[in-house]
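Position 205 (the sequence shown) corresponds to 421 in this note's numbering; numbering is contiguous.
Step one of this worksheet: look at the structure below.
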Amino acid sequence: MTTRFALGQRLGLTRAQTDLLLRLRTPERIQDFITSLSINHELNGDSCLSVVGVLDHRHAHCIEGAFVAACALWLQGEPPLLMDFHAEGDDDHVVTLFKRGDCWGAISKSNHVWLRWRDPVYRTLRELAISYIHEYVNESKKTLRAYSRPFDLRRVAPERWITNPEPCWDVAEELDGIRHYRLISKAQARRLRDRDDFEQHLGRQVEFISPKKRGARAAARS
217 MTTRFALGQR LGLTRAQTDL LLRLRTPERI QDFITSLSIN HELNGDSCLS VVGVLDHRHA
277 HCIEGAFVAA CALWLQGEPP LLMDFHAEGD DDHVVTLFKR GDCWGAISKS NHVWLRWRDP
337 VYRTLRELAI SYIHEYVNES KKTLRAYSRP FDLRRVAPER WITNPEPCWD VAEELDGIRH
397 YRLISKAQAR RLRDRDDFEQ HLGRQVEFIS PKKRGARAAA RS
């Protein structure tokens, strides 16, 4: 524990921040913490908060949550690995990877039910990535097309993604630019079945409603 606490200090975290992340001793606990954070609705424009930024604001979207999860894993003695998804006509998504035995799992922050945690039962990263293909959607269309190799954040200076007071866009761009692997062929993509009305209805459900939408609903009721 002393060694891990010292690592937190070397990474630039305060005692309180280090204590908080050290209490997240398993991927399951890390996921619970990431899930408990409010979604970052980016009301003031696009953001890419560092670990400290997320802990200060107590909200996150996918890559911001992935940074926190990766940092927590690192403090527990596991590698801080990210995986990026590329989609067609849709946003990218980022998850934090971990292994149990020979199998991969993922920690994930999402406001929708679909793109969340994956149990460590996938023998390859491709197996893990393809588990998201049915759920990775834009309305009726399934949009996931590619996944990245693991991106080891130990290669990135901590001040760029852990303590950075500015948006971490350079790290996001570096992740986006590493090698990605196509999941399905173009012919397979053309044959993907659209989601039906019931699936689309469920897909619109979110955990955290934007303050703007809450305000619109309140105005409609008044």
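Glycine included, C-beta positions come from ideal geometry on N, C-alpha and C.
- When beta bridges are read from the DSSP output, HIS275 appears opposite SER254.
- Taking every protein chain shown into account, the CB of GLN421 has fewer than 16 other CB atoms within 10 angstroms, so this residue is exposed.
- Of ASP413, TRP290 and HIS277, the smallest CA-CA separation from VAL311 is found for HIS277.
- ARG398 and LEU240 have their C-alpha atoms spaced approximately 34 Å apart.
- Ranked by how close their Cα comes to the Cα of ILE323, the residues GLY281, VAL353, GLN292 and ARG316 have GLY281 in first place.
- The beta carbon of CYS264 sits closer than 8 Å to the beta carbons of ILE279, GLU280, PRO383, CYS384, TRP385, VAL387 and ALA388 from its chain, once the five residues preceding and following it are set aside; these are given in chain order.
- Around the beta carbon of LYS402, a 10 Å sphere encloses fewer than 16 other beta carbons of the protein chains shown; the residue is thus reported as exposed.
- The C-alpha of LYS357 lies about 44 Å from the C-alpha of THR230.
- Linking PHE424 to HIS350 through their CA atoms gives a straight-line distance of about 22 Å.
- For GLY321, the uninterrupted beta strand (DSSP E) run begins and ends at 319-323, by DSSP.
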